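So the structure is just underneath, and the comments pick up after that.
Number of protein chains: 2
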Amino acid sequence: MTTRLIHPAKLDEAVKIAKLLGNKTRIQILYLLEQQQFNVTELQEILHVEQSSLSHQLKELRDYQLISQQRVGKSVYYQLTDPHILATMDAILAHTDHVLQGRAHDGQPVDVDQEI
Amino acid sequence: MTTRLIHPAKLDEAVKIAKLLGNKTRIQILYLLEQQQFNVTELQEILHVEQSSLSHQLKELRDYQLISQQRVGKSVYYQLTDPHILATMDAILAHTDHVLQGRAHDGQPVDVDQEI
DNA sequence: AATTCATATGATTTCTTTTTCATATTACCA
DNA sequence: TGGTAATATGAAAAAGAAATCATATGAATT
Chain A
1 MTTRLIHPAK LDEAVKIAKL LGNKTRIQIL YLLEQQQFNV TELQEILHVE
51 QSSLSHQLKE LRDYQLISQQ RVGKSVYYQL TDPHILATMD AILAHTDHVL
101 QGRAHDGQPV DVDQEI
Chain B
1 MTTRLIHPAK LDEAVKIAKL LGNKTRIQIL YLLEQQQFNV TELQEILHVE
51 QSSLSHQLKE LRDYQLISQQ RVGKSVYYQL TDPHILATMD AILAHTDHVL
101 QGRAHDGQPV DVDQEI
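Line order of the protein sequences matches chains A and B.
Note that UniProt numbering has the first sequence beginning at 1, numbered continuously upward.
Note that UniProt numbering has the second sequence beginning at 1, numbered continuously upward.
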């Protein structure tokens, strides 16, 4: 019987993506930018993350080319570069639903999104 | 315009899953167990990971109920508990392909899997 | 041109994850 | 029953990621 492993280069890449998504702030940023573009101040207010910290996170997403910047006067707007990542995020969120459903023993439906 | 955020509980869960997949050994374990069950020694040999280290990784996957154990004599066999995770993994691997294709400038097709 | 607002960056500190080491547990075998 | 093979576990060490702090940059405003 022949056993397959994930090819090393592919594996590295997969781990990188998963790590990027393995952070609250970064997931929320992607989730927000899916809806529209935001500048850094707006993201800061929505996410309650400190300026520098947010900036560092944005850099990670930029470095991986998931988002891109565009300067408008004093502010910098961010948008999704690679909508393909949304499919991956959706898969994770779908799994999340699956898990939350499965573990919700009180029969209450799980509230999925939150308006702000 | 109304902006949506991911609900906190869901977000936490999503981050957990993503983190679990954000590790070479753990992804490979899931990829292997998708194919068949393996005991710890077999996994060790295939993955070249030290016994204790592997055992700790298996525990994480167990704790999150992605895999389960079954003792057979002296050895312990592991299997996937929640095949739903495979959809998530596939999405990540698909994104990986997308990225590797995009960055492959030499026109060479990217070798995806590896037999062992 | 000096000041202020928005954002970025590098270095340091703090927190988290992973590995390693030593030891425990459980089953099999002589 | 004592020994050994397979796996698990807790604690400590090492490696990695995130937050914080101080400062830099770049555009607007006075």
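Glycine is no exception: its CB is placed at the ideal position from the N, C-alpha and C atoms.
Since the structure is predicted, the reported quantities are computational estimates derived from the model, not experimental observations.
Since A/L43 is in the alpha helix (DSSP H), which residue starts that stretch and which ends it? One-based indexing of the first sequence puts residue 43 of chain A at position 43. Here the alpha helix (DSSP H) through A/L43 covers 40-47.
Closer than 9 Å, Cβ to Cβ, to anything on chain B: give me those residues from the segment 68-98 of chain A, in chain order. Those residues of the segment 68-98 of chain A that come within reach of chain B (Cβ to Cβ, closer than 9 Å) are D82, H84, I85, A87, T88, M89, D90, A91, I92, L93, A94, H95, T96, D97, H98.
Tell me whether A/L21 sits in a helix, a strand or coil according to DSSP, three-state version. On the first sequence, residue 21 of chain A is found 21 positions in, with the first residue counted as 1. Per DSSP, reduced to three states, the secondary structure at A/L21 is helical.
Which residues of the segment 11-29 of chain B have a Cβ closer than 7 Å to any Cβ of chain A? Give them in chain order. Cβ contacts with chain A come from L11, E13, A14, V15, I17, A18, K19, L21, G22, N23, K24, I27, Q28.
Pick helix, strand or coil for A/Y64, following the three-state DSSP scheme. On the first sequence, position 64 is the one that residue 64 of chain A refers to. In the structure shown, A/Y64 sits in coil (DSSP, three-state: anything other than H, G, I, E or B).
Enumerate in chain order the residues of its own chain whose CB-to-CB distance from A/T81 is below 8 Å, with the five nearest sequence positions on each side excluded. The residue labelled residue 81 of chain A in the question sits at position 81 within the first sequence. Within the same chain, Q65, L66, I67, S68 come within 8 Å of A/T81 by CB-CB distance, once the 5 residues on both sides are set aside.
Look at the Cβ atom of A/I85, then the Cβ atom of B/Q28, and state whether they are nearer than 8 Å. Taking the first residue of the first sequence as position 1, residue 85 of chain A is located at position 85. Taking the first residue of the second sequence as position 1, residue 28 of chain B is located at position 28. Cβ atoms of A/I85 and B/Q28: not closer than 8 Å.
Taking Cβ positions only, does B/R62 come closer than 8 Å to chain A? If you number the second sequence from 1, residue 62 of chain B lands on position 62. With 8 Å as the cut-off, B/R62 does not count as an interface residue toward chain A.
Within 8 Å (strictly less), CB to CB, does B/L100 reach chain A? As a working mapping, residue 100 of chain B is identified with position 100 in the second sequence. B/L100 counts as touching chain A.
Whole angstroms are fine: how far does the CA of A/K59 sit from the CA of A/V72? Residue numbering aside, residue 72 of chain A sits at position 72 when the first sequence is read from its first letter. Residue numbering aside, residue 59 of chain A sits at position 59 when the first sequence is read from its first letter. Here the alpha carbon of A/V72 sits roughly 18 Å from the alpha carbon of A/K59.
Please state whether DSSP places A/Q79 in a helix, a strand or coil. For this step, residue 79 of chain A is matched to residue 79 along the first sequence. Strand at A/Q79.
Which bits of chain B does A/Q35 rub up against, with CB to CB less than 7 Å? Locating residue 35 of chain A in the first sequence gives position 35, counting from the first residue. The contacting residues are T3, R4.
Looking at A/I92: is its Cβ nearer than 8 Å to the Cβ of B/A14? Position 92 of the first sequence, counted from the first residue, corresponds to residue 92 of chain A. Position 14 of the second sequence, counted from the first residue, corresponds to residue 14 of chain B. With respect to B/A14, A/I92 sits close: the two C-beta atoms are nearer than 8 Å.
Just confirm the distance between the C-beta atoms of A/K19 and B/G22, as a whole number of angstroms; I'd bet it's less than 8 Å. Numbered from its first residue, the first sequence carries residue 19 of chain A at position 19. Numbered from its first residue, the second sequence carries residue 22 of chain B at position 22. Yes, A/K19 and B/G22 are in contact; Cβ-Cβ is about 4 Å, under 8 Å.
Taking CB distances under 8 Å as the criterion, tell me whether residue 129 of chain B reaches chain A. The requested residue 129 of chain B is not part of the displayed model; chain B covers only 1 to 116.
Cβ of A/L32 within 8 Å of any chain B Cβ: Residue 32 of chain A sits at position 32 when you count from the first residue of the first sequence. Put simply, the CB of A/L32 is near chain B, with a gap under 8 Å to one of its CB atoms.
Please state the DSSP three-state secondary structure of B/D106. Counting from one through the second sequence, the residue named residue 106 of chain B turns up at place 106. For B/D106, the predicted structure reports a pLDDT of 46, less than 50, and the residue's modelled location is therefore unreliable. A value from the coordinates is still provided. Three-state DSSP puts B/D106 in coil, outside helix and strand.
Determine whether the beta carbon atoms of A/Q44 and A/Q37 lie at a separation below 8 Å. Here the question's residue 44 of chain A lines up with position 44 in the first sequence. Here the question's residue 37 of chain A lines up with position 37 in the first sequence. No, they are not a contact pair.
Please decide whether A/A9 counts as near chain B, where near means a Cβ-Cβ distance under 8 Å. Position 9 of the first sequence, counting from 1, holds the residue named residue 9 of chain A. Under the Cβ distance rule, A/A9 counts among the residues neighbouring chain B, one pair being separated by less than 8 Å.
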